[in-house]
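Asks: Dropping the structure in here first, questions after.
2 protein chains.
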Amino acid sequence: MSAGDFESRWLSPDVNSVWTRFLQVTHRLEHHIDRRLQEQHGITHTQYEILLRLADSDERAMRMSDLADSIVTAKSAVTYQINKLSEMGLVSRKKCGRDNRGIWVHLTEDGSARLEQAAPCILSLVRELFLDAISCDQAAELDKLLGTWSDNLDAHDRNPVAYPGHPGAEAA
Amino acid sequence: MSAGDFESRWLSPDVNSVWTRFLQVTHRLEHHIDRRLQEQHGITHTQYEILLRLADSDERAMRMSDLADSIVTAKSAVTYQINKLSEMGLVSRKKCGRDNRGIWVHLTEDGSARLEQAAPCILSLVRELFLDAISCDQAAELDKLLGTWSDNLDAHDRNPVAYPGHPGAEAA
DNA sequence: ATAGGATTGTTCGAATTCGAACCAGCCGCC
DNA sequence: GGCGGCTGGTTCGAATTCGAACAATCCTAT
Numbered sequence: 001m002s003a004g005d006f007e008s009r010w011l012s013p014d015v016n017s018v019w020t021r022f023l024q025v026t027h028r029l030e031h032h033i034d035r036r037l038q039e040q041h042g043i044t045h046t047q048y049e050i051l052l053r054l055a056d057s058d059e060r061a062m063r064m065s066d067l068a069d070s071i072v073t074a075k076s077a078v079t080y081q082i083n084k085l086s087e088m089g090l091v092s093r094k095k096c097g098r099d100n101r102g103i104w105v106h107l108t109e110d111g112s113a114r115l116e117q118a119a120p121c122i123l124s125l126v127r128e129l130f131l132d133a134i135s136c137d138q139a140a141e142l143d144k145l146l147g148t149w150s151d152n153l154d155a156h157d158r159n160p161v162a163y164p165g166h167p168g169a170e171a172a
Numbered sequence: 173m174s175a176g177d178f179e180s181r182w183l184s185p186d187v188n189s190v191w192t193r194f195l196q197v198t199h200r201l202e203h204h205i206d207r208r209l210q211e212q213h214g215i216t217h218t219q220y221e222i223l224l225r226l227a228d229s230d231e232r233a234m235r236m237s238d239l240a241d242s243i244v245t246a247k248s249a250v251t252y253q254i255n256k257l258s259e260m261g262l263v264s265r266k267k268c269g270r271d272n273r274g275i276w277v278h279l280t281e282d283g284s285a286r287l288e289q290a291a292p293c294i295l296s297l298v299r300e301l302f303l304d305a306i307s308c309d310q311a312a313e314l315d316k317l318l319g320t321w322s323d324n325l326d327a328h329d330r331n332p333v334a335y336p337g338h339p340g341a342e343a344a
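Line by line, the protein sequences give chains F and L.
Per this note's numbering, the very first residue in the first sequence carries number 1; after that it's consecutive.
Per this note's numbering, the very first residue in the second sequence carries number 173; after that it's consecutive.
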């Protein structure tokens with residue numbers, strides 16, 4: 001689509017509403033979960049996610065950057081959170097022999113316990129709010145959609161600026 | 173879905189992956205759009221959203237709290253952003269005669285221009301990343317899903333703590 | 001009219017995020 | 001061996017968000 005395409009200037013109402021509601025729902029979901037988690041278990045959703053990824057991974061440990069990729073935040077944010085979790089004793093840093101600059105973040109016993117304690121609360125929330133609305137077919141469909149979106153993002157990330165179809169790329 | 177999982181502590185792998193990828197994709201989408209918008213048009217995604225909602229509304233004006241609801245953030249965040257946008261001259265505050273504590277935020281000419289200038293960039297992004305992946309049927313399906321999720325959230329908001337099925341919620 | 005309660009918007013401090021700059025260790029290549 | 005480039009983590013300052021507390025205004029019922 002070209003820059004001067006009047007018709008495509010704005011989204012058609014129905015499509016526009018899907019996008020808008022998508023944004024609203026995702027924000028609301030995040031807020032809701034975050035709030036509940038903080039009130040009832042004293043950790044943030046991002047912290048929960050970190051613990052979860054650690055628990056799910058082999059050796060219950062992960063590298064900082066893998067963690068950053070996994071929860072989709074800046075590396076510095078991960079450093080910040082790992083510092084906090086480390087102070088809380090839920091996580092511990094260990095050097096990795098192979099790569100001397102790499103750091104392995106391990107889930108501690110306390111961390112594991114805290115995760116197991118918080119999980120039911122969050123999982124029931126996710127089920128009630130998110131999953132119960134989805135039939136199996138829809139789940140498969142949604143999964144496919146997510147895959148495509150993810151691929152699209154990959155493509156854009158691989159080719160950050162010079163992508164066909166968006167005006168203003170090098171204009172000022 | 174997953175009626176039989178009612179008691180299980182963790183989500184079944186497939187369902188779990190849907191949820192995880194959902195979180196990842198939404199985060200990546202936000203980041204991507206935000207970054208592009210800042211690089212090329214000097215405004216945040218939230219700021220863009222505010223301008224957009226204003227442009228879409230009758231009179232090109234909105235109350236602060238409606239704005240807050242609309243973009244799903246805390247009122248204080250809206251105040252912050254409106255201050256910024258106001259400094260930029262994209263928006264202006266006006267008293268509302270009817271309700272003396274209410275404030276109407278108006279889109280200025282500059283604001284309108286800035287929005288029109290930024291819109292193609294973002295819309296093409298939304299299309300490429302998000303919409304092009306969806307067929308009409310899928311769009312309808314997704315819309316329905318969003319509706320259900322939204323309703324679920326409404327229900328939870330209406331009845332914040334005492335909701336069946338999540339442990340640790342001893343009502344007052 | 002008026003007290004009590006809800007609603008509106010702002011202010012404030014704390015928490016979190018981001019990106020850029022930076023340092024250190026790895027790797028390929030001369 | 002050593003030089004440049006890459007990668008992994010941290011530090012830093014700026015931006016943004018949140019929730020709680022507050023002030024002003026509206027509304028309802030008495």
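We put the CB at the ideal spot given by N, CA and C, even for glycine.
Do you know how far the Cα of His27 of chain F is from the Cα of Leu279 of chain L?
Replies: Roughly 24 Å between the two C-alpha positions.
Asks: Give every residue of the same chain whose Cβ lies closer than 6 Å to the Cβ of Arg114 of chain F, excluding the five residues on either side of it in the sequence, and list them in chain order.
Replies: So the qualifying residues of the chain are Leu90.
Asks: Please decide whether Val187 of chain L counts as near chain F, where near means a Cβ-Cβ distance under 8 Å.
Replies: Yes, Val187 of chain L counts as interfacial toward chain F.
Asks: Report the neighbours of Ala139 of chain F on chain L: residues whose CB is nearer than 8 Å to its CB, in chain order.
Replies: Near Ala139 of chain F (Cβ distances below 8 Å), the residues of chain L are Met173, Asp186, Val187 and Val190.
Asks: Nearest-angstrom Cα distance between Gln196 of chain L and Ile50 of chain F?
Replies: Rounded to the nearest angstrom, the two C-alpha atoms are 13 Å apart.
Asks: Under 6 Å Cβ to Cβ from Gln40 of chain F, same chain only, skipping five residues before and after it: list those, please.
Replies: Around Gln40 of chain F: Cys121.
Asks: Could you name the residues of the same chain whose beta carbon sits closer than 8 Å to that of Asp34 of chain F, not counting the 5 residues immediately before and after it, in chain order?
Replies: Within the same chain, Asp34 of chain F has close Cβ partners Thr44 and His45.
Asks: Roughly how many whole angstroms lie between the Cα atoms of Val126 of chain F and Gly269 of chain L?
Replies: The straight-line gap from Cα to Cα measures roughly 44 Å.
Asks: How is the beta strand (DSSP E) around Arg63 of chain F delimited, first residue to last?
Replies: First-last of the beta strand (DSSP E) with Arg63 of chain F: Ala61 to Arg63.
Asks: Thinking C-beta only, is Ala119 of chain F closer than 8 Å to Trp182 of chain L?
Replies: A contact, by the Cβ cut-off of 8 Å.
Asks: Is the shortest distance between the beta-carbon of Arg21 of chain F and the beta-carbons of chain L less than 8 Å?
Replies: At least one chain L Cβ lies under 8 Å of Arg21 of chain F.
Asks: For Lys75 of chain F and Glu231 of chain L, I'd like the C-alpha separation in whole angstroms.
Replies: The alpha-carbon atoms of Lys75 of chain F and Glu231 of chain L are separated by roughly 43 Å.
Asks: In its own chain, which residues sit with a C-beta less than 8 Å from the C-beta of Glu202 of chain L, not counting the 5 before and 5 after it?
Replies: Counting only Cβ-Cβ distances below 8 Å, and skipping sequence neighbours, we find His217.
Asks: Report the residue ranges of all beta strand (DSSP E) runs contained in full by the stretch 250-312 of chain L; include only those spanning at least 3 residues, in chain order.
Replies: Listed in chain order, they are 263-267 and 275-279.
Asks: Is there at least one Cβ from chain F nearer than 8 Å to Trp321 of chain L's Cβ?
Replies: Interface residue, yes.
Asks: Relative to the alpha-carbon of Gln219 of chain L, which residue among L:Arg265, L:Gly283, L:Trp276 and L:Ser189 has its alpha-carbon at the smallest distance?
Replies: Nearest C-alpha to Gln219 of chain L: L:Gly283.
Asks: Within 8 Å of any Cβ in chain F, is that where the Cβ of Arg286 of chain L sits?
Replies: Closer than 8 Å: no.
Asks: Can you tell me whether Gly147 of chain F is helix, strand or coil according to DSSP?
Replies: In the structure shown, Gly147 of chain F sits in a helix (DSSP, three-state: H, G or I).
Asks: What separation, rounded to the nearest whole angstrom, lies between the Cα atoms of Met62 of chain F and Thr320 of chain L?
Replies: Approximately 36 Å, taken between the alpha carbons.
Asks: May I have the straight-line CA-CA distance separating Ile71 of chain F from Leu224 of chain L, to the nearest angstrom?
Replies: If I take the Cα positions, the gap works out to 29 Å.
Asks: Runs of 3 residues minimum, wholly inside the stretch 191-252 of chain L: which ones carry the beta strand (DSSP E) assignment?
Replies: Segments of the beta strand (DSSP E) lying fully in the stretch 191-252 of chain L: 233-235.
Asks: Could you tell me which chain F residues have their CB closer than 7 Å to the CB of Glu231 of chain L, listed as they occur along the chain?
Replies: Near Glu231 of chain L there are no residues of chain F at all, since even the closest Cβ is about 19 Å away, more than 7 Å.
Asks: Around the Cβ of Arg330 of chain L, are there at least 16 other Cβ atoms within 10 angstroms (buried) or fewer (exposed)?
Replies: Classification for Arg330 of chain L: exposed.
Asks: Taking 8 Å as the CB-CB cut-off, is Leu226 of chain L touching chain F?
Replies: Not an interface residue.
Asks: Identify whether Ser17 of chain F lies in helix, strand or coil by the three-state DSSP scheme.
Replies: In this structure, Ser17 of chain F counts as helix in the three-state DSSP scheme.
Asks: What would DSSP say about Leu142 of chain F, mapped onto helix, strand or coil?
Replies: If DSSP states are grouped into helix, strand and coil, Leu142 of chain F belongs with the helices.
Asks: Got a sec: is the Cβ-Cβ distance from Asn255 of chain L to anything in chain F below 8 Å?
Replies: No, because no Cβ of chain F sits closer than 8 Å to the Cβ of Asn255 of chain L.
Asks: Closer than 7 Å by beta-carbon distance: list the chain L residues that pair up with Asp143 of chain F, in chain order.
Replies: Chain L residues near Asp143 of chain F: Val190.
Asks: Under 8 Å, do Ser322 of chain L and Arg36 of chain F count as touching if we go by C-beta distance?
Replies: The answer is no: Cβ separation not under 8 Å.
Asks: Can Val78 of chain F and Met88 of chain F be called in contact, C-beta distance under 8 Å?
Replies: Result no, Cβ atoms of Val78 of chain F and Met88 of chain F do not sit closer than 8 Å.
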